[in-house]
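Protein chains: 2
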Amino acid sequence: MDQRVEQPSVASDADADTLRLWLRLFATSNLVAAELARRLRAEFAMTLPRFDLMAQLHKSDGPLTLGELSRRLMVTNGNVTGLVERLVDDGLVDRKVRANDRRSATVSLTEAGEMLFERMADDHRAWVAELFGGLDETDRAELSALLRSARNSVGESV
Amino acid sequence: MDQRVEQPSVASDADADTLRLWLRLFATSNLVAAELARRLRAEFAMTLPRFDLMAQLHKSDGPLTLGELSRRLMVTNGNVTGLVERLVDDGLVDRKVRANDRRSATVSLTEAGEMLFERMADDHRAWVAELFGGLDETDRAELSALLRSARNSVGESV
DNA sequence: GCGAAGTATTTTAGGCTTGAAGTAATTCGT
DNA sequence: ACGAATTACTTCAAGCCTAAAATACTTCGC
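Heads up: the protein sequence lines correspond to chains B and H, in order.
So the first sequence is residues 1 to 158, counted in the numbering used here.
So the second sequence is residues 1 to 158, counted in the numbering used here.
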C-alpha cells in the first residue's frame with residue numbers, strides 16, 4: 001500500500017510539516033500583534049509601529065537619525081518619514097536638522113513622549129506576560145531558543 | 001547583594017524575558033513573511049494576502065462566500081472586498097451573486113487561478129522548507145508544539 | 001403582509017508599508 | 001576647485017488593513 005506511487009509530487013511529508021509549522025508561527029505572531037495593537041489603540045490611542053519607534057528612541061543613548069531608525073526598525077526610509085511626522089504632530093518626538101550635515105535629521109522623545117512611553121511600556125510588558133502566561137518558564141526558554149535557531153536558519157538563506 | 005531594592009519596579013525579570021521572547025517571535029515571523037512576500041512578488045507578481053486568499057479557495061470544497069473568507073483569513077469584510085476585486089481584475093477568481101440570497105456572493109478560483117496557484121504553492125512550500133532548513137525534524141516538532149501552547153495561551157486572554 | 005431586526009457586503013477615512021523616482025547636500029577624484 | 005558619485009531623506013503610486021457608517025436584502029413577529 002505505498003501511496004507514493006499515486007502522489008508523485010516532489011513535495012515530501014517533511015515539507016508539508018514545515019509548511020504547517022510556518023503557518024502556525026505566522027498565525028500566532030499575528031494574533032498576539034493584533035491583540036497588543038488593539039489594547040494600545042484602546043488605552044493610549046497609539047499604534048504598534050509608532051510605539052516601536054518610540055521604544056527605539058527610549059533605549060538609545062542619544063537622538064537617532066531617520067536612517068538609523070530605519071535600519072533598527074527594519075523598514076524603509078519613506079516609512080520612517082511618515083511615522084516621525086505623525087509623532088511630531090502629536091508632540092511626542094522632536095525632530096532637528098543636523099548642524100554639520102544638513103541632509104540629515106535627528107529625532108528624540110520629547111518630555112511628554114518620554115512620560116507617555118514609560119506608561120505604555122509598563123502596560124505593554126504586563127500584557128505580553130499575560131498573553132504568554134500559559135507557558136511555564138521552561139516552555140518559554142525552549143521556545144525562545146528554537147526561535148533563535150529559526151532566525152539563524154532564515155538568515156542563512158536571506 | 002539583592003538588586004531588587006534598587007529596582008523597585010513591578011516588572012519582574014520573568015516579564016522582561018517574556019517580552020524578549022515576544023520580540024523574537026515577532027521579528028522571526030516578519031523576517032520570513034517579508035522574504036516569502038519578496039519571492040512571490042518577484043516570481044509571480046503576487047502578494048501574500050492574495051496568495052492566502054487563493055489558498056483558502058483551493059483547499060475548500062466548493063466556492064466560499066466573502067463572509068466565510070473573512071472568517072477564515074481572520075481579516076475584516078472590507079479587506080476581503082478589495083482583495084477579491086483585484087483578483088477578479090487579474091482573472092484569477094470568479095465572483096457570483098448567490099441566487100437564493102442576493103445580499104451574498106460566492107468566490108472560486110478560475111481555471112487560470114487554479115493553475116497559477118498550484119505552481120505558486122509548489123514553490124512556496126519549497127521556499128518554506130529551505131528557510132527552516134537549519135532546524136532538524138525534532139526542532140521543528142518541538143517548535144510547532146510550543147507554538148500551539150502559545151496560541152492556546154493567547155486564546156485564553158483574547 | 002408589513003415594519004423591525006438582523007445579515008452580507010460595500011464604502012469611507014485614516015494609517016501602515018513598499019519600491020521607485022526625485023531632491024538636496026556632501027564627499028571624492030582629479 | 002569642480003563635476004561626478006554618493007548619501008540622506010522625501011514624494012508618489014499602489015496595495016494592505018481597520019473601524020465605523022452606509023446600503024441592500026432577508027427574515028422574524030405579529
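Glycine is no exception: its CB is placed at the ideal position from the N, C-alpha and C atoms.
All values derive from a computational prediction rather than experimental measurement.
query, result
"For D94 of chain H, three-class secondary structure by DSSP", "strand"
"Own chain, CB closer than 7 Å to L23 of chain B, minus 5 neighbours either side, in chain order", "none"
"Buried versus exposed call for V97 of chain B [16 or more other C-beta atoms within 10 Å across all chains shown]", "exposed"
"Within the segment 92-136 of chain H, ranges of the beta strand (DSSP E) (whole runs, at least 3 residues)", "93-97 and 105-109"
"S157 of chain B Cβ short of 8 Å to the ligand MG heavy atom set", "Questions concerning the ligand MG fall outside what the structure shown contains, since it holds no ligand whatsoever."
"In DSSP terms, what T65 of chain B is bridged to", "B:T106"
"For T47 of chain B and A105 of chain B, the rounded distance between their alpha carbons", "23 Å"
"Simplified DSSP assignment, three categories, for S12 of chain H", "coil"
"Supposed contact pair A126 of chain H and D136 of chain B - C-beta distance, whole angstroms, cut 8 Å", "Contact flag wrong, Cβ pair sits at about 36 Å."
"Start and end residues, alpha helix (DSSP H) containing V75 of chain B", "Careful: V75 of chain B lies outside any alpha helix (DSSP H) and carries neither H nor E."
"Residue from H:V128, H:R50 and H:R72 with nearest C-alpha to S60 of chain H", "H:R72"
"Where T18 of chain H falls: helix, strand or coil (DSSP)", "helix"
"Any C-beta of chain H under 9 Å from that of H124 of chain B", "yes"
"For E43 of chain H, the nearest candidate out of H:G67, H:F117 and H:A55 (CA to CA)", "H:F117"
"Cβ distance (whole Å) where L131 of chain B is taken to contact L21 of chain H below 8 Å", "The Cβ separation is near 11 Å, so there is no contact."
"C-alpha gap between G91 of chain H and S149 of chain B, whole angstroms", "41 Å"
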